[in-house]
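K.L.:
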C-alpha cells in the first residue's frame, strides 16, 4: 500500500486512571474516507485532538505526509495541510460569513500577520474564500453575521473554512451533528465528492452517512481499535457487533 | 456614510470646534482640558487595540503610559541640567526635542510591552489581569524608589519640549500637535482593524481554536497587538508628561490603568472612536462633577455600571448601533 497521507502509530493517552487511547494506529490513504466510529466515551474526540495538535499523546507518533508532526502545535500542523472541523461549530460569531472564510484562506496565500492592506481586498485570498463558500452553497449569505446563520449553515461554514485552507487532509469531528435528514444527506453527497481532493478522517455518529461514505471504518472501544476494514467487514465482525452495535453474541 | 461614520465625524468636529472656540474666546483653560482629553484618548486608542480587538484585559497599561512619561522626564531633565545621560561608551545628552522624545518613549514602552506581554500572555482570564496588574505595580514601586529622578516627588520640567516650527508653550499649538498624533493613532488603529492581522486577532478573541486550526498562533497575534498597544499608550504618556511639565509615579499607578480602561469601556471597547468619546466624557465629568463634589468618582462608577449593564457597546454603541463589518 502507498504511504498513508495521515497516520498514527501507537498513540497512548491517559487522564489519571482513565485510559482514553491505547496503542492506536490508524492510516488514512489518499483518496479515501476513513470513518472512526465507537460508542460515546470511546476516545474518538481525544484521538482527534491528538491528531490535530491540541493534545500531546503520552506515547506514539502522528505522521502527516511522511513527516513526524507529534512535536508540532495545531497551527504548524494546519500549515502542513491538516484541516480540522469541530464537533461544536467554532467560528468567529461576531464576524461575517465571508470574514470567517477569508480567515481560512489567509494562511495559505499571503502573510496573515500583515498589518497593512485590507483582509477583504479583492485578490487571491478573497477569491479562494468566496469559492469555498460557493462550493458549500453559502455564497448567498456571505455578508451575513456568522451568528445569524442556522445550525445547518454553521456546519456548512465549518466545512467551507476548512476548504479555504486548500488542505492535504481533512479531519472532521461529527460534521453531521445536529443536521436533519435532508441536511445530512446533502453534506454526505458533498463529502463523497471531496475525497478525491483530499482524504477525510471522519468521526461520525450518523451511521447512514458512515455506511454511505466510508471506504474503511475503524471501531474504537475503550480507547482501543478493535477492528478496521470495509463497511461490510466491520458490520460482520462479531466483536464489533458485541461491543458497539449492541447485539448479544 | 454609515451611522458610525457620522458619529465619528461629529466627534472629530467637536474636538476641533471646542478648542478653537475656546481659543477665540481666550479661554486657555478649556484648551488645556481639551488637550488632556485628546492625550487620554490616544492612550485609550492604544489600550483599545489590546482590549477591544484582542480581548486582553490589561490592568497594567499604566506601565507603558508611565514609561512614556518618564522617557520624556528623564531626557528633558538631563537637557535642562546639561548633564549627559551617560558617558560610556560615548556621551549621550538629554534632549528637549519632542519627536526624539516620542521615538524614545515609543521604543522603550514597546520593549517593555514585549517583555510584559511575552510573560503574561501565557496566562488567560483572571490570571492575565492579575499578572499585568503586578507588572504595573512593579514599575510603580521602581519609580517611587528611584531617587535620581525624583522618587515619590516626581520630576518637574520647567519649559515644555520643542517641536520644529511651533511654539509648544501656546496651548492651542500644543493641542494641534496632540490632535495630529491622535488622528494618526486612529488612522493606524482603523488600518489595523481592517488588515489580515486585525481579522485574525479579532477572531482569536472570539474563537482561538479556530485561528489555530487555520494555521495561526493566537499567542503571536496577541503579543504583536500588545506591543503595538503599549507603543501607542507610551506615546500618549510622553505627551501627558509634556502637558503637565511634570511626571510622577502616579502615572504608573493601577488607578491610572483603571481610569484608561473605564473610559475605553464607557466610550465603547472595540469601537474605533470609543476611546475618544470615552475620554471626552471622562474629562467633562471630571470637570463638571468635580466642581460639584470631590467624590465625583461615585457618579462615574454609577455611569459605568449603567453602561456595562445596559449599553454594552458604550457611547458609540448607543449612538451608532451595532458594529458594521469592517470591509
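Protein chains in written order, with this note's numbering: chain F, 1 to 249; chain A, 1001 to 1327. Virtual Cβ for every residue (Gly too), placed ideally from N, Cα, C. Predicted model, so just to flag it, every value in this text is computed and none were measured.
#1: Helix, strand or coil: how does DSSP classify residue 1296/A here?
#2: How about residue 234/F and residue 227/F: are their beta carbons less than 8 Å apart?
#3: Using a beta-carbon distance below 8 Å, is residue 1327/A in contact with chain F?
#4: Are residue 1225/A and residue 1186/A closer than 8 Å when you measure CB to CB?
#5: If we ignore side chains and look at the alpha-carbon of each, how far apart do residue 70/F and residue 1137/A end up?
#6: Show which residues of chain F have a CB atom less than 8 Å away from the CB atom of residue 1160/A.
#7: Quick check on the burial criterion: 16 or more other C-beta atoms within 10 angstroms. Buried or exposed for residue 1081/A?
#8: The alpha helix (DSSP H) that contains residue 1114/A, what's its start and end?
#9: Under three-state DSSP, which class holds residue 61/F?
#10: Can the beta-carbon of residue 62/F be found less than 8 Å from the beta-carbon of residue 225/F?
#11: Would you be able to state if there are at least three C-beta pairs under 8 Å between the region 2 to 18 of chain F and the region 126 to 143 of chain F?
#12: Residue 1102/A: buried (16+ other C-beta within 10 angstroms of its C-beta) or exposed?
#13: Which residues in the same chain as residue 1023/A place their Cβ atom closer than 8 Å to its Cβ, once the five residues preceding and following it in sequence are excluded?
#14: Looking only at its own chain, which residues have a Cβ that is under 8 Å from the Cβ of residue 10/F, when we skip the five neighbours before and after it?
#15: Between which two residues does the beta strand (DSSP E) containing residue 21/F stretch?
#16: Check whether chain A comes within 8 Å of residue 74/F, counting only Cβ atoms and requiring the distance to be less than that.
#17: Could you check if residue 1196/A is buried or exposed, using at least 16 other CB atoms within 10 Å of its CB as the buried criterion?
#18: What three-state label does DSSP hand residue 249/F in the structure shown?
#19: State yes or no: is the beta carbon of residue 123/F nearer than 8 Å to at least one beta carbon in chain A?
#20: Report the neighbours of residue 115/F on chain A: residues whose CB is nearer than 9 Å to its CB, in chain order.
#21: Any chance you could list the beta strand (DSSP E) runs of at least 3 consecutive residues sitting entirely within the region 147 to 206 of chain F, in chain order?
#22: What are the boundary residues of the beta strand (DSSP E) that includes residue 85/F?
#23: Determine which residues share a DSSP beta bridge with residue 218/F and list them.
#24: Let me know the secondary structure DSSP gives residue 45/F once reduced to three states.
#25: Could you check where the alpha helix (DSSP H) with residue 1198/A kicks off and where it finishes?
#26: Is residue 1137/A close to chain F, meaning its C-beta is less than 8 Å from at least one C-beta of that chain?
#27: Under a three-way DSSP split, which group does residue 1226/A fall into?
#28: With a cut-off of 8 Å, does the C-beta of residue 1242/A fall near any C-beta of chain F?
#29: Pull out every residue of the region 170 to 187 of chain F whose Cβ sits closer than 8 Å to any Cβ of chain A, in chain order.
#30: Looking at chain F, is there any beta carbon in it that lies within less than 8 Å of the beta carbon of residue 1216/A?
#31: Of all the CB atoms in chain F, is at least one closer than 8 Å to the CB of residue 1238/A?
#32: Look at the alpha carbon of residue 279/F and the alpha carbon of residue 206/F, and state the distance between them as a whole number of angstroms.
#33: Would you report the Cα separation of residue 89/F and residue 95/F, rounded to the nearest angstrom?
#34: Would you say the beta carbon of residue 61/F comes nearer than 7 Å to a heavy atom of the ligand FAD?
#35: For residue 1286/A, which residues from the same chain have a beta carbon less than 7 Å from its beta carbon, with the 5 sequence-adjacent residues on both sides left out?
#36: Could you check whether residue 202/F and residue 30/F sit closer than 8 Å to each other, using their CB atoms as the reference points?
P.N.:
So, to answer that:
#1: For the purposes of this step, residue 1296/A is taken as residue 296 along the second chain, with counting starting at 1. Reduced to three states, the DSSP call for residue 1296/A is coil.
#2: Translated into the one-based positions of the first chain, residue 234/F becomes position 234. Translated into the one-based positions of the first chain, residue 227/F becomes position 227. Yes, Cβ-Cβ distance for residue 234/F and residue 227/F is below 8 Å.
#3: In the second chain, counting from the first residue as 1, residue 1327/A sits at position 327. Here residue 1327/A scores only 43 on pLDDT, less than 50, and its place in the model should not be relied on; the value that follows carries that caveat. With 8 Å as the cut-off, residue 1327/A counts as an interface residue toward chain F.
#4: Indexing the second chain from 1 puts residue 1225/A at position 225. Indexing the second chain from 1 puts residue 1186/A at position 186. No.
#5: Counting from 1 along the first chain, the entry for residue 70/F is found at position 70. Counting from 1 along the second chain, the entry for residue 1137/A is found at position 137. Those two C-alpha atoms are separated by around 40 Å.
#6: Numbered from 1 along the second chain, position 160 holds the residue referred to as residue 1160/A. Chain F residues near residue 1160/A: none, gap ~32 Å exceeds 8 Å.
#7: Start at 1 with the first residue of the second chain, and residue 1081/A comes out as number 81. Residue 1081/A should be labelled exposed.
#8: Against the second chain, residue 1114/A aligns to sequence position 114. Start and end: 1098 to 1120.
#9: Locating residue 61/F in the first chain gives position 61, where the first residue counts as 1. If DSSP states are grouped into helix, strand and coil, residue 61/F belongs with the strands.
#10: On the first chain, residue 62/F is found 62 positions in, with the first residue counted as 1. On the first chain, residue 225/F is found 225 positions in, with the first residue counted as 1. Contact flag unset, no.
#11: no
#12: Within the second chain, residue 1102/A is the residue found at index 102, counting from 1. That one is buried.
#13: For the purposes of this step, residue 1023/A is taken as the residue at position 23 of the second chain. So the list reads 1031, 1171, 1172, once near-sequence residues are dropped.
#14: What you label residue 10/F is simply residue 10 of the first chain in a count that begins at 1. Excluding positions up to five away in sequence, the list reads 23, 24, 25, 59, 60, 61.
#15: In the first chain, counting from the first residue as 1, residue 21/F sits at position 21. Note, residue 21/F: beta strand (DSSP E), 18 to 24.
#16: Position 74 of the first chain, counted from the start, is the residue given in the question as residue 74/F. Judged by the 8 Å Cβ criterion, residue 74/F is in contact with chain A.
#17: In the second chain, residue 1196/A corresponds to position 196, counting from 1. It counts as buried.
#18: As a first step, residue 249/F must be located in the first chain, where it is residue number 249. Residue placement at residue 249/F cannot be trusted, given a pLDDT of 40 that sits under 50; what the coordinates show is reported in the next sentence. Coil.
#19: In the first chain, residue 123/F corresponds to position 123, counting from 1. Closer than 8 Å: no.
#20: The residue given as residue 115/F occupies position 115 in the first chain. Within chain A, the residues near residue 115/F are 1188, 1191, 1192, 1195, 1196, 1197, 1198, 1224, 1228.
#21: 169 to 173, 200 to 203
#22: One-based indexing of the first chain puts residue 85/F at position 85. Note, residue 85/F: beta strand (DSSP E), 82 to 85.
#23: Counted from its first residue, the first chain places residue 218/F at position 218. 36/F, 228/F, per the DSSP bridge assignment.
#24: Position 45 of the first chain holds residue 45/F. It is helical.
#25: For the purposes of this step, residue 1198/A is identified with residue 198 of the second chain, where counting begins at 1. Taken as a continuous stretch (DSSP letters only), the alpha helix (DSSP H) holding residue 1198/A covers 1196 to 1206.
#26: Counting from 1 along the second chain, the entry for residue 1137/A is found at position 137. No, residue 1137/A does not count as interfacial toward chain F.
#27: Looking up residue 1226/A in the second chain gives position 226. Reduced to three states, the DSSP call for residue 1226/A is helix.
#28: Taking the second chain and counting its residues from 1, the one referred to as residue 1242/A is at position 242. No - not a single Cβ of chain F is within 8 Å of the one on residue 1242/A.
#29: none
#30: Along the second chain, read from residue 1 onward, the residue named residue 1216/A stands at position 216. Closer than 8 Å to some Cβ of chain F, the Cβ of residue 1216/A qualifies, so yes.
#31: Here residue 1238/A corresponds to residue number 238 of the second chain, with the count starting at 1. Taking Cβ atoms only, chain F never reaches closer than 8 Å to residue 1238/A, which makes this a no.
#32: Residue coverage of chain F in this structure runs from 1 to 249, which leaves residue 279/F outside it and unanswerable.
#33: On the first chain, position 89 is the one that residue 89/F refers to. On the first chain, position 95 is the one that residue 95/F refers to. So the two alpha carbons sit approximately 14 Å from each other.
#34: Looking at this structure, you won't find the ligand FAD or any other ligand, since it has none at all.
#35: Against the second chain, residue 1286/A aligns to sequence position 286. Cβ within range, chain order: 1296.
#36: By one-based count along the first chain, residue 30/F stands at place 30. By one-based count along the first chain, residue 202/F stands at place 202. For residue 30/F and residue 202/F, no; Cβs fall outside 8 Å.
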